[in-house]
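Down below is the structure, laid out as structure tokens.
2 protein chains.
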Amino acid sequence: MRVLLPAGTTETALIDGISAAGAAPELMEHTPSADVEILAYGEPVAAPVTPVSPNGCPTPAAVTRAVQEVVGFDLAAIDAGLARSTAAPTVDLGVEPGNDIREDAAVPDANAVFDRAYDYGTSLPDDELLIGETVPGGTTTALGVLTALGEPTGVSSSLPENPIERKRRVVDEGLAASGLEPGDCEGAPLEAVEAVGDPVQPTVAGIAAGALAAETDVTLAGGTQMVAVAALLRHADVDAGLSIATTSFVADERGDDLAAACERFNCELTVTDPGFDERDHVAMARYRAGEAKEGVAMGGALSLVPDADGRMREVRDRLEAVCARLGIESEGDGRNDEQVDDGTATEDTRGS
Amino acid sequence: MRVLLPAGTTETALIDGISAAGAAPELMEHTPSADVEILAYGEPVAAPVTPVSPNGCPTPAAVTRAVQEVVGFDLAAIDAGLARSTAAPTVDLGVEPGNDIREDAAVPDANAVFDRAYDYGTSLPDDELLIGETVPGGTTTALGVLTALGEPTGVSSSLPENPIERKRRVVDEGLAASGLEPGDCEGAPLEAVEAVGDPVQPTVAGIAAGALAAETDVTLAGGTQMVAVAALLRHADVDAGLSIATTSFVADERGDDLAAACERFNCELTVTDPGFDERDHVAMARYRAGEAKEGVAMGGALSLVPDADGRMREVRDRLEAVCARLGIESEGDGRNDEQVDDGTATEDTRGS
Chain W
225 MRVLLPAGTT
235 ETALIDGISA
245 AGAAPELMEH
255 TPSADVEILA
265 YGEPVAAPVT
275 PVSPNGCPTP
285 AAVTRAVQEV
295 VGFDLAAIDA
305 GLARSTAAPT
315 VDLGVEPGND
325 IREDAAVPDA
335 NAVFDRAYDY
345 GTSLPDDELL
355 IGETVPGGTT
365 TALGVLTALG
375 EPTGVSSSLP
385 ENPIERKRRV
395 VDEGLAASGL
405 EPGDCEGAPL
415 EAVEAVGDPV
425 QPTVAGIAAG
435 ALAAETDVTL
445 AGGTQMVAVA
455 ALLRHADVDA
465 GLSIATTSFV
475 ADERGDDLAA
485 ACERFNCELT
495 VTDPGFDERD
505 HVAMARYRAG
515 EAKEGVAMGG
525 ALSLVPDADG
535 RMREVRDRLE
545 AVCARLGIES
555 EGDGRNDEQV
565 DDGTATEDTR
575 GS
Chain G
225 MRVLLPAGTT
235 ETALIDGISA
245 AGAAPELMEH
255 TPSADVEILA
265 YGEPVAAPVT
275 PVSPNGCPTP
285 AAVTRAVQEV
295 VGFDLAAIDA
305 GLARSTAAPT
315 VDLGVEPGND
325 IREDAAVPDA
335 NAVFDRAYDY
345 GTSLPDDELL
355 IGETVPGGTT
365 TALGVLTALG
375 EPTGVSSSLP
385 ENPIERKRRV
395 VDEGLAASGL
405 EPGDCEGAPL
415 EAVEAVGDPV
425 QPTVAGIAAG
435 ALAAETDVTL
445 AGGTQMVAVA
455 ALLRHADVDA
465 GLSIATTSFV
475 ADERGDDLAA
485 ACERFNCELT
495 VTDPGFDERD
505 HVAMARYRAG
515 EAKEGVAMGG
525 ALSLVPDADG
535 RMREVRDRLE
545 AVCARLGIES
555 EGDGRNDEQV
565 DDGTATEDTR
575 GS
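Sequence order for the protein chains is W and G.
Numbers given in our numbering equal positions in the first sequence, counted from 1, plus 224.
Numbers given in our numbering equal positions in the second sequence, counted from 1, plus 224.
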């Protein structure tokens, strides 16, 4: 089992009100660089920002790191279009940052990126891969490619109040700028990415397609964005088995819509609840309130935590330690779950 | 504890008869790229070569990987001048491949590389770092900087018969090309690197100096090349405590010379014997015969294996498995050490 973390950027994230991944737009393009540093070293190292919302909600990288510290897993971060340098080790697949989807081409070299990612995916010796992502603005580009493919589905948000109408307007503008109508890219997934996607999408899809061709098990770790990747793969006629693992926070927001999307794209769905309602720590309270929800392979990482032996409690303990390193001091009432039930659950639902 | 692995190249390695790191000169510049893939994935992934000598002696990366699989450690590979792409995750410090030391400048930007590496070393949150290297031709560039610094010491070799006279001639030519006499760079370590070094040296030295300034414990994992780095650090007036951890193969070849060098540069020396004489496997037989000896943090990694509980035996078991993945099939007589003493020893010697 190896966790892969393609990390990239799209200028789409800079559109006002699109993303919560970074406190200020001008700092947002550092977020994925900081995320991979948090995974590699436990805290940002060279990145000049710590991705924590004004309310004290840490990047999902904090949760993924906490899981890594508890259960251990091999990790490789992949530069899937980072705009800012990072001190974390990354695999270089020659991927450039993405353009605003309202420009002519959002990912001009989508085909070449997919091909290089495919080769990488084929070459890996692992039996099982879990592929996440970190790309601010990624739910908007997910909506973009789903719309271009003609796949009717909603998208999630890193903000408690999902600015879905704003995202739809941006996507409509993006399609128009590429001379496309919704559904015009049916069966042509890389055209969809080129027009209104982001560079992380062909990286994840390429690695997944290559790995599946090499008979490696693939789990897409994420919510809305991974539904979009699954759609890309199905439109590319990749019909191998595929899983999606996400958090209860995404599942709770999306309701039956998420399960329906997984069924539509023939993906097994795993939803994991990290039991954050057991603690009063500000970070967990913010997730409960609907901030962040998912990202940086959080849901997939959580699915690796065994149910038994209070390991999820250990993850929550470790998350508090990671938060302390990120400068998040909780002003909670000290409630913790030492004496209560573990309160976690992983739910498996097989699509169609 | 984190193991850092700066990996780079110097055209010095292409000089006939200098290095055993790669079966043919034209393939040698792939060796460090393959080494970091072996550490990351357990086998080469994108690199078109598997660094195994014609005799069946695997790169020391195989041993370091075997240790990692047994005891586990955090790892970050650093691009310290790779000439060929790698599918392994690497930290990008903007380091270029090195020139042949017989050219005007071997490492034109040695100062800038040191500074960037220093910043990286300062920023790491780890309490303890173990820094290795992989750079074909590295013992010749080690001899180069030691000579330029006026430090009389021998160097080891990845070949059973050390071509030391050839190395000395190359170094003499390199110094002459830079208008230098032996000892001219005393107190000016980065001038020595610029003239007759390789890009891995200022990367290792910079990270070590930065980490030591941040009060992180630093162990240099290697033999001859790490003695040269220690010399660079001492000539840069870095006087913090420093350790060198190497293999018994280097120590056996160098005799008292190695301990004397460590004493001269005030380094604690740890020598670890992996007990390869317990097995008839061709890989271990080649190391016993004096091939490879050290590199890719091998000696440092071995020093992390606890003496007790037969853990070194586990490393040998794992090494056989790694060798099988690398296509090395032993034709040994099946001798193994299941029933015998562990046969390993780690020896600590404090210099001056």
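Ideal placement from N, C-alpha and C gives every residue a C-beta, glycine not left out.
Note that this is a predicted model, so its numbers are computed, not measured.
Residue i versus residue j: straight-line alpha-carbon distance, rounded
i, j, result
"GLU375/G", "ALA516/G", "24 angstroms"
"ILE552/W", "PRO406/W", "43 angstroms"
"LEU373/W", "ALA475/W", "23 angstroms"
"TYR342/W", "ASP504/G", "40 angstroms"
"PHE473/G", "GLU357/W", "44 angstroms"
"ALA258/W", "ARG393/G", "47 angstroms"
"ARG326/G", "GLY434/G", "30 angstroms"
"ALA460/G", "GLN425/G", "13 angstroms"
"PRO498/G", "GLY362/W", "49 angstroms"
"ASP531/G", "THR494/G", "13 angstroms"
"LEU348/W", "ALA432/W", "11 angstroms"
"ALA545/W", "ALA264/W", "16 angstroms"
"ASP557/G", "LEU228/W", "With a pLDDT of only 48 at ASP557/G, under 50, the local geometry of the prediction cannot be trusted, and no value is derived from it."
"PHE489/G", "ALA454/G", "6 angstroms"
"ARG478/G", "GLY524/G", "17 angstroms"
"PRO256/G", "SER380/G", "19 angstroms"
"ALA485/W", "LEU526/W", "21 angstroms"
"THR471/W", "GLU415/W", "30 angstroms"
"PRO278/W", "PRO249/W", "13 angstroms"
"ALA483/G", "ARG340/G", "31 angstroms"
"TYR344/G", "GLY421/W", "34 angstroms"
"VAL395/W", "ASP408/W", "14 angstroms"
"ARG535/G", "GLU410/G", "43 angstroms"
Beta carbon of residue i nearer than 7 angstroms to that of residue j
i, j, result
"VAL417/G", "VAL315/G", "no"
"PRO275/W", "MET522/W", "no"
"THR236/G", "PRO321/G", "no"
"SER402/G", "ALA429/G", "no"
"LEU399/G", "ARG226/G", "no"
"GLU261/G", "ALA312/G", "yes"
"GLY447/G", "GLU385/G", "no"
"VAL319/W", "PRO413/W", "no"
"LEU427/W", "VAL337/W", "The sequence given here has Thr at residue 427/W, not Leu. It is a contact, given that the beta carbons lie within the stated cut-off."
"GLU307/W", "GLU253/W", "Before going on, a small fix: residue 307/W reads as Ala here, not Glu. Closer than 7 angstroms, so yes."
"ALA464/W", "LEU436/W", "yes"
"CYS507/W", "CYS547/W", "For clarity, residue 507/W is Ala in the given sequence; the question names Cys instead. Yes. Within cutoff."
"ASP466/G", "CYS491/G", "It is Leu, not Asp, that sits at residue 466/G in the sequence shown. The answer is yes: Cβ separation under 7 angstroms."
"ALA438/W", "THR346/W", "yes"
Nonlocal neighbours in the same chain, by C-beta distance under 6 angstroms from residue i, ignoring five residues either side
i, result
"ALA452/G", "ALA366, VAL369 and LEU370"
"LEU251/W", "VAL273"
"ASP441/W", "GLU352"
"ALA270/G", "ALA311"
"GLY378/W", "ASP481"
"SER554/G", "HIS505 and VAL506"
"GLY514/W", "PRO384"
"ASP324/G", "GLU235 and THR236"
7 angstroms CB neighbourhood of residue i in its chain, flanking five on each side removed
i, result
"LEU550/G", "GLU267, THR274, VAL276, PRO282 and ALA286"
"GLY241/W", "PRO387 and ARG390"
"LEU528/G", "VAL291, VAL295 and PHE297"
"ASP328/G", "ALA401 and SER402"
"GLU293/W", "ARG542"
"SER243/G", "ALA237, MET252, PRO360, GLY361 and SER382"
"VAL462/W", "ALA433 and LEU436"
Proximity winner among the options, relative to residue i (alpha-carbon distances)
i, options, result
"SER382/W", "ALA258/W, GLN449/W and ARG326/W", "GLN449/W"
"THR496/G", "ASP480/G, GLY514/G and ILE468/G", "ILE468/G"
"ALA334/W", "THR346/W, GLU439/W and LEU317/W", "LEU317/W"
"VAL520/W", "PRO249/W, ALA248/W and LEU299/W", "LEU299/W"
"ARG537/G", "ALA513/G, GLY514/G and ASP501/G", "ASP501/G"
"TYR511/W", "PRO230/W, GLY280/W, GLY421/W and ALA231/W", "GLY280/W"
Near the ligand HEM: residue i beta-carbon under 6 angstroms from a heavy atom
i, result
"ALA419/G", "Judged by which ligands are present, the structure shown has none, so any question about the ligand HEM falls away."
**Request:** Identify each residue in the segment 257–272 of chain G for which the Cβ-Cβ distance to at least one residue of chain W is less than 8 angstroms, and report them in chain order.
**Result:** ALA264, TYR265, GLY266, GLU267, VAL269 and ALA270
**Prompt:** Along the segment 313–345 of chain W, what residues have a CB closer than 8 angstroms to any CB found in chain G?
**Reply:** PRO313, THR314, VAL315, ASP316, ASP343 and TYR344
**Prompt:** What residues in the segment 348–359 of chain G have a beta carbon less than 9 angstroms from any beta carbon of chain W?
**Reply:** LEU348, PRO349 and ASP350
**Message:** Closer than 7 angstroms between beta carbons: that is the criterion. Which residues of the segment 411–439 of chain W meet it against chain G?
**Reply:** none
**Request:** Taking only beta carbons into account, state which residues of the segment 519–548 of chain W come closer than 9 angstroms to chain G, listed in chain order.
**Result:** none
**Request:** Compile a chain-ordered list of the residues in the segment 461–495 of chain W whose CB is closer than 9 angstroms to at least one CB of chain G.
**Result:** none
**Item:** Interface residues of the segment 292–313 of chain W facing chain G [CB-CB below 9 angstroms]
**Value:** Listed in sequence order: GLY296, ASP298, LEU299, ALA300, ALA301, ILE302, ASP303, SER309, THR310, ALA311, ALA312 and PRO313.
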